[in-house]
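Residue numbers (numbering that gives the first Met the number 0), protein chains in the order written: chain A, 0 to 135; chain B, 0 to 135; chain C, 0 to 135; chain D, 0 to 135.
Below is one structure, written out as structure tokens; comments come after it.
4 protein chains.
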Amino acid sequence: MRSESTPFRVRYPEVDRMGVVHHTHYLVWFELGRTELMRAAGLPYGVLEDDRGILFPVIEAGARYRRPARYDDQLEVQTGIVGLSPVRVRFEYRIVRPADGAVLADGFSVHAAVGRDGRPQRLPTELMERLSPWTS
Amino acid sequence: MRSESTPFRVRYPEVDRMGVVHHTHYLVWFELGRTELMRAAGLPYGVLEDDRGILFPVIEAGARYRRPARYDDQLEVQTGIVGLSPVRVRFEYRIVRPADGAVLADGFSVHAAVGRDGRPQRLPTELMERLSPWTS
Amino acid sequence: MRSESTPFRVRYPEVDRMGVVHHTHYLVWFELGRTELMRAAGLPYGVLEDDRGILFPVIEAGARYRRPARYDDQLEVQTGIVGLSPVRVRFEYRIVRPADGAVLADGFSVHAAVGRDGRPQRLPTELMERLSPWTS
Amino acid sequence: MRSESTPFRVRYPEVDRMGVVHHTHYLVWFELGRTELMRAAGLPYGVLEDDRGILFPVIEAGARYRRPARYDDQLEVQTGIVGLSPVRVRFEYRIVRPADGAVLADGFSVHAAVGRDGRPQRLPTELMERLSPWTS
């Protein structure tokens with residue numbers, strides 16, 4: 000798939016008493032990747048929310064953890080779209096350690112398109128077209 | 000299934016700019032439930048880690064989000080075990096709003112038993128027996 | 000001072016790789032205490048924000064860390080008000096370990112009263128009166 | 000003072016229901032700045048902790064909040080050292096919005112040097128010398 004790579008570094012409070020990143024933070028990293036993919040597609044998420052009134056709440060998410068991430072690791076999240084309809088978007092993610100190419104985790108999130116009132120809202124054709132190059 | 004119910008209240012910083020709880024915090028609540036189930040089983044997690052040298056890293060986790068949770072909501076997490084072997088435990092969770100019985104989310108986590116060195120370690124029979132009443 | 004005591008337990012992801020609670024989480028605990036003081040005063044914060052349109056953004060905060068808090072510790076936050084004017088409230092906090100009375104940290108936060116537009120707004124007399132019993 | 004500038008972008012879950020960054024996250028940003036200053040000084044914090052056994056727990060911290068930070072803002076933290084002794088380091092921080100030069104917040108943290116056993120430990124002369132260029 001065509002994917003967007005977003006580099007980031009592990010922050011101190013993300014690491015738990017086992018000395019490895021707590022599993023919840025991977026979902027925050029997935030969101031970083033999703034944010035940057037949408038920016039690259041010309042659809043900054045804040046603009047969608049504030050100017051278009053389109054929200055993308057997460058309706059399902061999951062992750063598999065393969066190798067631990069540690070404090071100060073330089074990592075990247077690779078983000079792609081594997082399902083796109085006017086009312087649903089499914090993103091997939093991989094957390095990679097570029098130094099050796101190791102895949103530390105992978106995961107996904109499914110989002111509904113809704114309006115400010117929480118009701119389902121169809122994505123305008125223009126938005127669908129902007130996301131389509133990222134879809135596999 | 001026999002499950003453990005753990006009450007908690009939604010904290011201010013758990014709520015995002017959409018006015019609903021950010022999806023990552025549900026995994027923290029799942030962990031609250033898991034912690035209390037293990038305490039109820041006579042296996043406080045801190046004791047396992049510190050005294051027995053047995054760690055339970057998350058190797059897979061996921062959630063489905065059905066209805067939004069909001070600031071200051073009084074909720075509970077219901078936790079059960081649906082898979083138990085000497086090297087793996089699978090917990091399942093439901094986030095419930097007791098006021099009306101609504102299920103806001105459900106999810107799961109799968110844990111490996113490992114030692115301090117990160118190597119797989121079999122759960123002692125005694126621990127298996129303590130968890131078995133919670134298993135369906 | 001008259002203070003409100005709010006019990007809570009240390010959560011797993013609040014602990015860092017040093018094995019002690021990361022300093023940022025104490026500010027979340029202070030907020031728990033502030034929330035419960037306001038509830039006890041008959042001014043649930045969510046109601047203030049949603050029904051009255053009065054927000055209390057933090058304009059200054061600080062903490063001194065005396066002894067480390069650890070995973071699963073049963074603690075309490077003691078919260079009082081040490082400064083109250085129609086446009087400013089100053090809360091003070093102590094994080095205490097009831098098992099031995101040890102004070103783990105103390106701190107404060109100063110809040111402005113503003114409207115939804117971010118402009119300063121005077122607290123209604125009724126609200127001032129509700130908070131006054133907690134003021135020293 | 001000579002300071003280290005570290006750019007970062009505001010993440011979605013850092014923003015609360017008021018639509019502005021929750022005050023606790025500024026302390027995480029301060030830590031980002033401190034981490035990068037120490038890396039620039041040739042003292043990556045992870046190395047200090049893991050190889051030298053020197054920890055820098057926070058013993059006091061505080062912040063003043065001047066203007067709100069918002070979702071997706073591109074910001075920077077400017078970090079300097081204003082007090083340095085063999086047993087204590089005081090960092091100061093400013094959160095700046097480079098687009099218009101606005102200072103959103105400033106703050107500080109004071110750290111003790113301790114060993115793995117939690118006992119005070121004097122900083123080796125070599126470390127003092129590495130930090131001294133950043134001191135005002």
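Ideal Cβ positions, reconstructed from N, Cα and C, are used throughout, including at glycine.
These numbers come from a predicted model, not from an experiment.
Item to check | Partner residues on chain A for Gly-18(C), Cβ-Cβ distance less than 7 angstroms | outcome: Arg-16
Checklist entry - If we cut at 8 angstroms on Cβ distances, does His-21(C) have a partner in chain A? => result yes
Item to check | Coil, strand or helix - Ser-135(C) by DSSP | outcome: coil
Checklist entry - So which residues on chain C does Ala-136(D) lean against when the C-beta distance must stay under 7 angstroms? => result The shown model of chain D, from 0 to 135, leaves out residue 136(D), and the question about it has no answer.
Next on the checklist: Cutting at 7 angstroms between CB atoms, please list the residues of its own chain near Trp-136(A), excluding the five before and the five after it.
Outcome noted: Any property of residue 136(A) remains undetermined from this structure, which presents chain A solely from 0 to 135.
Checklist entry - Exposed or buried, Ala-60(C), counting other C-beta atoms within 10 Å across all chains shown (16 or more means buried)? => result buried
Next on the checklist: Just list the residues that DSSP pairs Val-102(A) with in beta bridges.
Outcome noted: Val-95(A)
Item to check | Residues bridged to Thr-124(C) [DSSP beta-bridge criterion] | outcome: DSSP, once it has assigned bridges, lists no residue as partnering Thr-124(C).
Checklist entry - Under the DSSP definition of a beta bridge, which residues are partnered with Thr-84(B)? => result At residue 84(B) the sequence reads Ser, which differs from the Thr that was named. DSSP, once it has assigned bridges, lists Arg-87(B) as partnering Ser-84(B).
Checklist entry - Exposed or buried, Gly-84(A), counting other C-beta atoms within 10 Å across all chains shown (16 or more means buried)? => result The displayed chain sequence assigns Ser, not Gly, to residue 84(A). The residue in question, Ser-84(A), is exposed, as its Cβ has fewer than 16 Cβ neighbours within 10 Å.
Item to check | Under 8 angstroms between C-beta atoms of Ala-101(D) and Tyr-25(D) | outcome: no
Next on the checklist: Counting C-beta neighbours from all protein chains within 10 Å, is the total for Val-109(D) 16 or more, i.e. buried, or is it exposed?
Outcome noted: buried
Checklist entry - Taking Cβ positions, are Ile-58(C) and Tyr-64(D) nearer each other than 8 angstroms? => result yes
Checklist entry - Which of helix, strand or coil does DSSP assign to Thr-78(A)? => result strand
Checklist entry - Is the closest heavy atom of the ligand SAM to the C-beta of Phe-90(C) under 7 angstroms? => result For the structure depicted, the ligand SAM is absent and the ligand set is empty, with no information on it obtainable.
Checklist entry - Can you name the residues that DSSP bridges to Tyr-64(A)? => result Ala-104(A)
Item to check | Neighbouring residues, chain A, relative to Pro-56(B) (Cβ below 9 angstroms) | outcome: Met-17, Val-19, His-22, Tyr-64, Pro-67
Next on the checklist: Does Glu-91(B) pass the burial test, meaning 16 or more other C-beta atoms within 10 Å, or should it be called exposed?
Outcome noted: buried
Checklist entry - Hey, quick one: how far does the alpha helix (DSSP H) through Thr-23(A) stretch, first residue to last? => result That residue, Thr-23(A), is in no alpha helix (DSSP H); it is neither H nor E in DSSP.
Checklist entry - Going by alpha carbons, who is nearest to Asp-71(C) out of Glu-3(C), Ala-111(C), Arg-10(C), His-22(C)? => result Arg-10(C)
Checklist entry - Val-46(D) by DSSP, collapsed to three states: which one? => result helix
Checklist entry - With distances taken between CB atoms, is the gap from Val-20(B) to Pro-97(B) smaller than 8 angstroms? => result no
Next on the checklist: For Ser-2(C), which residues in the same chain have their Cβ closer than 7 angstroms to its Cβ, ignoring the five residues on either side in sequence?
Outcome noted: Gln-77, Thr-78, Gly-79
Item to check | Cβ separation of Val-119(D) and Val-88(D), assumed to be a contact under 8 angstroms, to the nearest whole Å | outcome: The displayed chain sequence assigns Pro, not Val, to residue 119(D). In fact, because the Cβ distance is near 13 angstroms, the residues do not count as touching under 8 angstroms.
Checklist entry - Among residues of its own chain, excluding the 5 on either side of Arg-129(C), which ones have a beta-carbon nearer than 8 angstroms to its beta-carbon? => result Ala-40, Gly-41, Leu-42
Next on the checklist: Taking the alpha carbon of Leu-122(D) as the reference point, which residue from Asp-116(D), Ala-111(D), Pro-132(D) has its own alpha carbon closest?
Outcome noted: Ala-111(D)
Checklist entry - Within 8 angstroms (strictly less), CB to CB, does Asp-99(D) reach chain A? => result no
Checklist entry - Which stretch, first to last residue, makes up the beta strand (DSSP E) that contains Glu-3(B)? => result 3-8
Checklist entry - Listing by chain order, which chain A residues have their CB less than 8 angstroms from the CB of Leu-122(B)? => result Neighbours of Leu-122(B) on chain A: none; closest Cβ ~17 angstroms, over 8 angstroms.
Next on the checklist: Quick check on the burial criterion: 16 or more other C-beta atoms within 10 angstroms. Buried or exposed for Thr-23(A)?
Outcome noted: buried
Checklist entry - With burial defined as no fewer than 16 other Cβ atoms inside 10 Å of the residue's Cβ, what is the status of Arg-16(C): buried or exposed? => result buried
Next on the checklist: Going by DSSP in three states, Pro-119(C) sits in which element: helix, strand or coil?
Outcome noted: strand
Checklist entry - How long is the line joining the alpha carbons of Glu-125(C) and Glu-48(C), rounded to whole angstroms? => result 16 angstroms
Next on the checklist: Can you look up Ala-112(C) in the DSSP assignment and give me helix, strand or coil?
Outcome noted: coil
Item to check | Supposed close pair Leu-138(B), Trp-133(B) - CB separation, criterion 8 angstroms | outcome: Coverage of chain B is limited to positions 0 through 135, which leaves residue 138(B) absent and any answer about it impossible.
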